[in-house]
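In the numbering used here, the protein residues as written are 283 to 846.
C-beta: ideal position from N, C-alpha, C; glycine also.
The structure appears below as structure tokens.
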């Protein structure tokens with residue numbers, strides 16, 4: 283069998299997962315072991331079927347690139363083809379374009395949305411696929427593109443007795459919350475049974491390294507009603523004065539002028555509220571840094587528009603800049619620039635955690651909730667004297683979602699640097715990446731030895747996946763909590779994870795899976811379906827591409843995260 287070429291470097295627990303996957307549709311529920319079992323399955327099924335190609339789905343573009351690179355290195359004899367929205371596939375309106383793009387490709391790595399759209403328009407037919415791999419399988423619910431693929435194409439074809447692809451799901455955690463019954467829903471949606479190593483559990487624990495998990499306590503910030511930074515005080519005065527002038531000069535005959543004044547007032551208020559959030563989370567010097575950098579950004583945007591589009595008209599930008607200049611807000615912010623003692627207790631706690639071992643070669647991820655916090659915290663860590671040059675930080679908030687959208691001035695995002703943020707981190711040019719939840723799924727850097735949750739993970743899925751980013755043998759995983767916060771939620775996550783593992787080890791029979799299908803799944807779905815081509819669409823959304831003839835045979839395969 284072709285998979286034999288991997289056997290020399292396959293561990294027993296990886297082999298167990300491969301063998302279970304060969305028995306039928308499976309969801310592998312251990313993030314760190316999935317790649318080897320997946321490689322074995324991709325080779326085995328494409329070898330056995332001797333068909334054309336393969337497709338899978340990944341949740342974000344950066345992850346899709348990573349999966350493609352991993353597969354290409356592991357299977358150089360196979361022609362690979364990545365497909366993402368950045369390839370402008372939404373403009374591929376003719377079958378000949380798809381034929382040319384997928385010509386001779388045996389493994390294709392695709393985002394969920396791209397494949398769902400290709401199936402919907404008949405450019406790809408599900409019956410031609412040998413293997414369908416869903417990375418981050420926990421997304422296969424409701425109206426997510428992953429579930430649309432299964433609901434609109436797979437289950438209907440299977441019911442008719444037609445050939446359907448083998449299914450492999452990959453996930454570090456199948457549950458998003460404390461409700462473990464959602465496992466059965468995902469299994470039913472993917473027509474699969476979830477599995478995790480059972481026979482070779484001891485071998486798994488010998489080779490997969492769990493980070494040292496800690497709760498990091500920080501003190502309560504004493505934020506007064508009156509802002510404790512010069513920039514914020516100046517901005518507050520401007521906000522109050524502008525609000526007063528809006529009321530004083532509001533007249534029906536000047537409605538257009540009033541409308542612009544309202545836009546400026548709303549923007550000032552949003553800027554002030556964001557700066558206050560930065561003050562509470564990061565400290566006074568960070569709040570003033572944010573205000574000053576926002577003004578610099580606006581000035582640059584006004585003189586050189588570039589590609590980035592703001593959600594403000596040029597006239598509003600000019601008014602804001604004039605207002606800031608007259609109030610000397612930028613100068614007020616600069617007075618706080620060097621006062622690094624004015625950081626929050628939360629930032630100090632993070633700094634202490636990152637720098638706790640002087641001999642430690644730090645390489646890690648700091649997870650935050652808001653984009654603006656990622657940008658400001660990254661700069662703060664870079665320049666804080668306590669770091670003494672040890673921290674080379676870069677923010678990452680998801681560059682793939684920026685195309686075509688407008689930005690609020692409070693986001694403070696550098697779109698250019700975002701496109702290369704993860705690559706910069708991988709190359710070691712940055713050793714700390716401050717990221718939003720976009721990096722929770724599947725971004726693997728083997729040298730990563732510290733992960734810190736600046737904000738508490740939203741759910742069990744985030745808790746498990748963030749921990750999984752700590753790939754190094756000797757790694758740390760810290761969750762920052764205020765001293766008054768109850769840590770029972772984190773303790774409950776640990777219990778739920780153990781319950782999830784036990785649930786997957788039971789390996790329930792396929793018949794049991796479907797007992798959890800809800801009655802709503804039986805509701806009629808009004809669709810147009812062309813059996814000869816596989817084209818499917820809603821009766822209220824007949825596509826523009828109806829005139830195209832369809833005939834495409836592709837086998838799709840994908841890869842998951844991790845390579846332990």
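Legend entry - Cut-off 7 Å between Cβ atoms - residues of its own chain near residue 563, not counting five sequence neighbours on either side: By the criterion of a C-beta distance shorter than 7 Å, residue 563 is surrounded in its chain by 626, 628, 655, once the five residues flanking it on both sides are discounted.
Inset, instruction - Starting from the C-beta of residue 302, find all residues in its chain whose C-beta is less than 7 Å away, skip the five residues before and the five after it, and write them out in chain order. - result: Closer than 7 Å at Cβ, skipping near neighbours: 308, 477.
Legend entry - Straight-line gap, residue 591 to residue 580 (C-alpha atoms, nearest Å): The C-alpha of residue 591 lies about 12 Å from the C-alpha of residue 580.
Inset, instruction - Identify whether residue 689 lies in helix, strand or coil by the three-state DSSP scheme. - result: Reduced to three states, the DSSP call for residue 689 is strand.
Inset, instruction - Output the boundary residues of the alpha helix (DSSP H) element that contains residue 495. - result: Per DSSP, residue 495 belongs to no alpha helix (DSSP H); it is in the beta strand (DSSP E), 494-500.
Inset, instruction - Rounded to whole angstroms, what's the CA-CA distance from residue 422 to residue 510? Just pull it up for me. - result: Taken atom to atom, the span from the alpha-carbon of residue 422 to that of residue 510 is near 47 Å.
Inset, instruction - Hey, could you find the ends of the alpha helix (DSSP H) residue 379 is sitting in? - result: Residue 379: member of the alpha helix (DSSP H) spanning 377-383, first to last residue.
Inset, instruction - Could you please give the first and the last residue of the uninterrupted alpha helix (DSSP H) stretch that includes residue 653? - result: That run of the alpha helix (DSSP H) goes 653-665.
Inset, instruction - Rounded to whole angstroms, what's the CA-CA distance from residue 286 to residue 360? Just pull it up for me. - result: Low per-residue confidence applies at residue 286: pLDDT is 43, beneath 50, and the placement is therefore not dependable, though the value from the model is reported in the following sentence. Spanning the two alpha carbons is a distance of roughly 16 Å.
Legend entry - Distance between residue 519 and residue 526 (C-alpha atoms, nearest Å): So the two alpha carbons sit approximately 11 Å from each other.
Inset, instruction - Spell out the partners DSSP gives residue 448 in its beta bridges. - result: Note: residue 448 sits in a beta bridge opposite 413.
Legend entry - When 428, 388, 425, 417 are compared against residue 411, the one with the closest alpha-carbon: Cα-wise, what sits closest to residue 411 is 388.
Legend entry - Start and end residues, beta strand (DSSP E) containing residue 704: Where residue 704 is concerned, there is no enclosing beta strand (DSSP E), although the alpha helix (DSSP H) it sits in stretches over 703-708.
Legend entry - Buried versus exposed, by CB contacts within 10 Å (16 or more), residue 712: Only buried fits residue 712, as 16 or more other CB atoms lie within 10 angstroms of its CB.
Legend entry - When 402, 464, 305, 599 are compared against residue 689, the one with the closest alpha-carbon: Selected option, being the one with the closest Cα: 599.
Inset, instruction - Since I believe residue 498 is in contact with residue 760 (beta carbons under 8 Å), could you give me their beta-carbon distance rounded to a whole number of angstroms? - result: Confirmed, about 5 Å.
Inset, instruction - With a 10 Å radius around its C-beta and 16 neighbouring C-beta atoms as the bar for buried, classify residue 358 as buried or exposed. - result: Exposed, by the Cβ-count rule.
Inset, instruction - Rank 703, 652, 461 by C-alpha distance to the C-alpha of residue 718 and give the top, closest one. - result: The option with the nearest alpha carbon to residue 718 is 652.
Inset, instruction - Starting from residue 389, trace the beta strand (DSSP E) both ways and give me its first and last residue. - result: Looking at the DSSP string, the run of the beta strand (DSSP E) that includes residue 389 is 389-393.
Legend entry - Sequence-distant residues of its chain with Cβ nearer than 7 Å to residue 764 (five each side left out): Within the same chain, residue 764 has close Cβ partners 500, 502.
Legend entry - Cα-Cα separation between residue 769 and residue 438, rounded to whole angstroms: Roughly 46 Å between the two C-alpha positions.
Inset, instruction - Would you mind giving the Cβ-Cβ distance between residue 648 and residue 662, rounded to the nearest angstrom? I have them listed as a contact below 8 Å. - result: Incorrect: roughly 11 Å between the Cβ atoms, too far for contact.
Inset, instruction - Please confirm whether residue 732 and residue 650 have their CB atoms less than 8 Å apart. - result: Contact flag unset, no.
Inset, instruction - Report yes if the C-beta distance between residue 734 and residue 646 is below 8 Å; otherwise report no. - result: Going by C-beta atoms, residue 734 is nearer than 8 Å to residue 646.
Inset, instruction - For chain C, find out if any of its Cβ atoms is closer than 8 Å to the Cβ of residue 732; answer yes or no. - result: Among the chains in the structure shown there is no chain C, since it carries only a single protein chain.
Inset, instruction - Rounded to whole angstroms, what's the CA-CA distance from residue 851 to residue 607? Just pull it up for me. - result: Beyond the ends of the chain as shown, which are 283 and 846, falls residue 851; an answer cannot be given.
Legend entry - Where the beta strand (DSSP E) containing residue 761 begins and where it ends: Looking at the DSSP string, the run of the beta strand (DSSP E) that includes residue 761 is 758-764.
Inset, instruction - For residue 604, count neighbouring Cβ atoms within 10 angstroms of its own Cβ and tell me buried if that reaches 16, exposed if not. - result: Exposed is the call here.
Legend entry - Spatial distance of residue 429 from residue 721 (CA atoms): Rounded to whole angstroms, the gap between the alpha carbons of residue 429 and residue 721 is 22 Å.
Legend entry - Cβ-based neighbour list, residue 396, same chain, cut-off 6 Å, excluding 5 preceding and 5 following: 365, 371.
Legend entry - Ordered list of beta strand (DSSP E) runs contained in the segment 352-377, each at least 3 residues: The qualifying runs are 362-365.
Legend entry - residue 549 to residue 295 span [Cα, whole Å]: Spanning the two alpha carbons is a distance of roughly 55 Å.
Legend entry - Alpha carbon of residue 565 to alpha carbon of residue 624, nearest angstrom: Taking the straight line joining both Cα atoms gives about 6 Å.
Inset, instruction - Would you decide whether residue 839 is buried or exposed? Buried here means 16 or more other CB atoms lie within 10 Å of its CB. - result: Unreliable positioning characterises residue 839 in this predicted model, as indicated by a pLDDT of 36, which lies under 50. The coordinate reading is nonetheless provided below. Label assigned to residue 839: buried.
Inset, instruction - Check residue 732 in the structure and name its three-state DSSP category. - result: Correct three-state label for residue 732: strand.
Legend entry - Alpha-carbon to alpha-carbon, residue 584 and residue 576: CA-CA distance, residue 576 to residue 584, rounds to 12 Å.
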